[in-house]
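Report on the structure given below.
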Amino acid sequence: MKKNLVKRLNNLNDIAGIRVICSYIDDIYLLADALTKQDDIRLIRRKDYISNPKPNGYRSLHLIVSVPIFFAESTKEVKAEVQIRTIAMDFWASLEHQIKYKKNVEHAEKVIARLKECADEIAHVDETMQEIRIEMDNIKEETTDVEALYEKLKKIDINFM
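Here you go:
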């Protein structure tokens, strides 16, 4: 019994956990890259449920990492799970959890199918918001380019006769 418990504790991947909520899908991957490039953080496993959603529609990026915990006279590596998702993904996951775990749900298959539909719709909204963000960033860049050109033209002294 004790030997089995020790084995299970050694295989525990998320003695600590954190969930990070981002506004956009791209931010998830930027944050994950920044996190895993840290010198003191070692990536153990990456589960991309955004690119490969679970069958129920769940989307999130899960990272199992090893982080140092500093004690007075030593340092110990501890595994932690980092879940990174958008506001929309978190909204769906929270409500799906509430709905799915209610007892004695009639027509459970129908409810599960509708939850999956909602997950797909929410994923579409996330993608659309990402596209809008990119479009707005492009407009800002174009505006900046035009303003820079205007400033250069103002500095040119042209005399027409």
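Residue numbers in the sequence shown follow the UniProt record's numbering, run continuously in steps of one, and reach 161 at the last position.
All C-beta atoms, glycine included, are put in the ideal place defined by N, C-alpha and C.
In DSSP terms, what residue i is bridged to
i, result
"R42", "S66"
"V78", "V67"
"I18", "V82"
"residue 183", "Since the displayed the chain opens at 1 and closes at 161, residue 183 lies outside it and no answer follows."
Where residue i falls, given that 16 or more other Cβ within 10 Å makes a residue buried
i, result
"Q98", "exposed"
"I44", "exposed"
"M89", "buried"
"R46", "exposed"
"T128", "exposed"
"M161", "Since pLDDT at M161 reaches only 48, below the 50 mark, its modelled position is unreliable, and no value is offered."
Proximity winner among the options, relative to residue i (alpha-carbon distances)
i, options, result
"A16", "S66, K37 and A34", "S66"
"P68", "H62, E131, K79 and W92", "K79"
"I134", "V20, D27 and I18", "D27"
"T75", "E151, E121, D40 and E147", "D40"
"L95", "E81, V82, I122 and F70", "I122"
"L63", "D33, A88, T86 and F91", "D33"
"D120", "W92, K37, L31 and I87", "W92"
"C22", "D126, K37, E77 and F70", "D126"
Beta-carbon proximity check, residue i vs residue j, cutoff 8 Å
i, j, result
"I112", "N52", "no"
"residue 206", "L35", "Absent from the model: residue 206. The displayed extent of the chain is 1 to 161, so no value can be given."
"R42", "I50", "no"
"L30", "V20", "no"
"I84", "L61", "yes"
Span of the alpha helix (DSSP H), counted from its first residue to its last, around residue i
i, result
"E73", "Counting along the chain, E73 falls outside any alpha helix (DSSP H), and DSSP gives it neither H nor E."
"E96", "I87 to K100"
"Y29", "I25 to T36"
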